[in-house]
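Here the sequence shown stands for residues 834 to 1380, numbered as in our numbering. By construction, the Cβ of each residue, glycine as well, lies at the ideal position given by its N, Cα and C atoms. Working notes, structure below.
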Amino acid sequence: MNMDAENLQTVFDSAFSGISQAREAFTPHLRPREVGTITSIATGIAKVSGLPGVGFDEVLKFPGDMYGIAFNVDEAEIGVVLLGDYWHLHAGDEVERRGHVVDVPVGDGLIGRIINPMGRPLDGKGAVLSGTRLPVERPAPSIMDRAPVTIPLQTGIKVIDALIPVGRGQRELILGDRQTGKTAIALDTILNQRDQNVLCVYCAIGQRASGVAKVIAALRENGALAYTVVVVTEGNDPPGLAYMAPYAATSIAEHFMEQGRDVLVVYDDLTHHARAYRELSLLLRRPPGREAFPGDIFYIHSRLLERATHLRPERGGGSLTALPIIETEAQDISAYIPTNLISITDGQIYLSPSLFELGVLPAVDVGKSVSRVGGKAQRAAYRAVAGDLKLAYAQFEELETFSRFGARLDDNTRKIIGHGRRIRACLKQPAFSPVSVPAQIAVLLTLTAGLFDGVPPDRMDDAETAVREAAATLPDEVVARFDTADQLSDEDRKSILDVTRQALEAFAPGPNATSAPEQTPAADTDANAQAGTKAKPEARPESTPTS
């Protein structure tokens, strides 16, 4: 018993000695904590007092693990944009200063994930694994760090790759009325980046949950989610999240660009972004300007899109291509926000409701669409065949308008209209079916050579499909030259045309076929109108609610 008591005493002495040493070695550290008070709460914003040292864009923490961004830094109080559900907040609640600007996780762990602008997962697959965070607001690369746009970004859409080409590092605006297929063009472009070594970031801004679900389902079914990051804010989210979403998506894309990779980011759409910013600005008592938008609406979009670029080889040589989407009203591309974005971007793809109603899908209006940079990056094989094509198509559109007056047309004019109708038929393309480069060049070269002119109009779809299938039999050395800067030689053209001419033999009219005068699309439309019917577009699942 005495031995046990002595052992117990030794244990106690040793424990108390260790506690005493730890107490003596401990030095208390005081950490100052700045705390303010909520003075008022409104829809998506809060007014805070008692934090004189807060800077612009700094993060503030509210009760319930909810955060906000310091937006208005006034002498007496701070206007804060809230980034979450704020119904539990009340005037008088404490607000803590965090000491850093708002940031987002970045890295390979985000690929294939669906997150909100704060980096929180929305796909039920657990936490996002990332060891790096970047501020959502970052300065754009300087002019000296940028390189010319020289590499094409193939969309897989014939009318765009041929007539309105996009280069890696370019900013190309997609605009048009609602339900004309804007989102479908962006989705087709993402789907075409498979095996192209291009990562994609799709940013849904204030969209309906059903529309976002359809987009994600299309990406998953076509295997595109394996190289895509999806950043989502829905229509019932606070306006602060919708405002922050495109900047967060751009920071995620910039991280990959700075690693030397090529990235495509889609903003769907900046109309909701502009409206969210207008709502925040008016709630914060900022003075409204034209169409009730604040005067700095141009600046918030320009500083976003200026971050898209192609970096010099010394900076890694990566690129960030931006496809912002904007919604017009009643085809008014001269409205405030569309004209702002047209002046910021390097070109625009305009989708026409009238073409959509005629069933010409994608409904790209070539006359109002332009690419101010992509032509420099376009493959030489495209430039060799697309120049004549655009001129012929423009002539056709002018004559099509003229033919509405019912004037008599000479044989040459009829020939131009017939050729233009075949161009339009070849440029039609269903959704989620991108076309490879060899198939596109084969179709375009066949068009410019006039080989489709002998095909009956009602068999044009089958003939175009036959040419695309025949392109798979082209010699490998010819296909290899499509990716170079070399022009197509006469031998290359001859070998391509020989293959396509053979494919079109089955569509030549028979010797007993009568050459009935062709009816122009305008006449088709007028006939439908007189019959009290409307031409219906063919089934194309592109016009999702997000379009």
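Taking all protein chains shown into account, do 16 or more other C-beta atoms lie within 10 angstroms of the C-beta of residue i, making it buried, or fewer, making it exposed?
{"i": "residue 1354", "result": "Residue confidence for residue 1354 is low, a pLDDT of 41 falling below 50, so the modelled location carries little weight; the figure read from the coordinates is stated next. With 16 or more other Cβ atoms within 10 Å, it is buried."}
{"i": "residue 1345", "result": "Caution applies to residue 1345, whose pLDDT of 48 falls short of 50 and renders its modelled position unreliable; the value that the coordinates give is listed next. Exposed."}
{"i": "residue 1349", "result": "Reliability of the predicted coordinates at residue 1349 is poor, the pLDDT of 42 falling under 50, and the value obtained from them is presented with this limitation in mind. It counts as exposed."}
{"i": "residue 1069", "result": "exposed"}
{"i": "residue 849", "result": "exposed"}
{"i": "residue 1322", "result": "exposed"}
{"i": "residue 962", "result": "exposed"}
{"i": "residue 1212", "result": "buried"}
{"i": "residue 865", "result": "exposed"}
{"i": "residue 1310", "result": "exposed"}
{"i": "residue 891", "result": "buried"}
{"i": "residue 977", "result": "exposed"}
{"i": "residue 847", "result": "exposed"}
{"i": "residue 1146", "result": "exposed"}
{"i": "residue 921", "result": "exposed"}
{"i": "residue 853", "result": "exposed"}
{"i": "residue 1357", "result": "With a pLDDT of only 43 at residue 1357, under the threshold of 50, the placement of this residue in the model should not be trusted; the figure read from the coordinates follows. Exposed is the call here."}
{"i": "residue 958", "result": "exposed"}
With a threshold of 7 Å on Cβ separation, who are the neighbours of residue i within its own chain once the five nearest residues in sequence on each side are excluded?
{"i": "residue 982", "result": "1000, 1001, 1002, 1003, 1143, 1206, 1209, 1210"}
{"i": "residue 1221", "result": "1281"}
{"i": "residue 1086", "result": "1034, 1096, 1098, 1153"}
{"i": "residue 1138", "result": "1004, 1155, 1157, 1177, 1178"}
{"i": "residue 1218", "result": "1274, 1277, 1278, 1281"}
{"i": "residue 984", "result": "1000, 1001, 1210"}
{"i": "residue 942", "result": "961, 962, 963"}
{"i": "residue 1133", "result": "1110"}
Report all residues from its chain with a CB closer than 8 Å to the CB of residue i; omit the five preceding and five following residues, and keep chain order.
{"i": "residue 1010", "result": "1160, 1161, 1162, 1163, 1164, 1184, 1186"}
{"i": "residue 909", "result": "882"}
{"i": "residue 991", "result": "1259, 1260, 1262, 1268, 1273, 1276, 1277"}
{"i": "residue 944", "result": "1032, 1059, 1060, 1061, 1062"}
{"i": "residue 1284", "result": "1330, 1333, 1334, 1337"}
{"i": "residue 1049", "result": "947, 1058, 1063"}
{"i": "residue 1200", "result": "1227, 1230"}
Contact check, residue i vs residue j under 8 Å by CB: the rounded distance?
{"i": "residue 1034", "j": "residue 1095", "result": "Incorrect: roughly 12 Å between the Cβ atoms, too far for contact."}
{"i": "residue 1124", "j": "residue 1169", "result": "5 Å"}
{"i": "residue 1181", "j": "residue 1006", "result": "4 Å"}
{"i": "residue 995", "j": "residue 1265", "result": "Not really, about 20 Å apart at Cβ, beyond 8 Å."}
{"i": "residue 1336", "j": "residue 1300", "result": "5 Å"}
{"i": "residue 966", "j": "residue 939", "result": "7 Å"}
{"i": "residue 906", "j": "residue 887", "result": "6 Å"}
{"i": "residue 1233", "j": "residue 1250", "result": "7 Å"}
{"i": "residue 1008", "j": "residue 1171", "result": "6 Å"}
{"i": "residue 1109", "j": "residue 1126", "result": "About 11 Å separates the two Cβ atoms, so there is no contact after all."}
Strictly by DSSP, which residues pair up with residue i?
{"i": "residue 901", "result": "893, 915"}
{"i": "residue 1180", "result": "1204"}
{"i": "residue 1121", "result": "1127"}
{"i": "residue 1159", "result": "1008"}
{"i": "residue 979", "result": "1144"}
{"i": "residue 957", "result": "Residue 957 pairs with nothing; no bridge assigned."}
{"i": "residue 1197", "result": "1184"}
{"i": "residue 1152", "result": "1095, 1143"}
{"i": "residue 985", "result": "1000"}
{"i": "residue 1035", "result": "1063, 1099"}
{"i": "residue 887", "result": "In DSSP, residue 887 forms no bridge with anything."}
{"i": "residue 906", "result": "911"}
{"i": "residue 938", "result": "966"}
{"i": "residue 948", "result": "954, 1064"}
Since residue i is in the beta strand (DSSP E), which residue starts that stretch and which ends it?
{"i": "residue 875", "result": "868-875"}
{"i": "residue 928", "result": "927-934"}
{"i": "residue 967", "result": "965-968"}
{"i": "residue 1095", "result": "1095-1101"}
{"i": "residue 1061", "result": "1061-1067"}
{"i": "residue 881", "result": "878-882"}
Can a CB atom of chain C be found closer than 8 Å to the CB of residue i?
{"i": "residue 1028", "result": "Within the model displayed, chain C is absent; a lone protein chain is all it includes."}
Which residues bound the alpha helix (DSSP H) around residue i?
{"i": "residue 1043", "result": "1042-1054"}
{"i": "residue 1328", "result": "1323-1337"}
{"i": "residue 1235", "result": "1213-1235"}
{"i": "residue 1341", "result": "Segment: none, residue 1341 is in no alpha helix (DSSP H) and carries neither H nor E."}
{"i": "residue 1254", "result": "1244-1260"}
{"i": "residue 1271", "result": "1270-1281"}
{"i": "residue 1312", "result": "1309-1314"}
{"i": "residue 1022", "result": "1015-1024"}
{"i": "residue 1298", "result": "1293-1303"}
CB-CB under 6 Å to residue i, same chain, minus the five flanking residues each way: which ones, in chain order?
{"i": "residue 1089", "result": "1032, 1096"}
{"i": "residue 937", "result": "952, 969, 1081, 1084"}
{"i": "residue 1141", "result": "1004, 1153, 1155"}
{"i": "residue 1288", "result": "1296, 1340"}
{"i": "residue 980", "result": "1143, 1145"}
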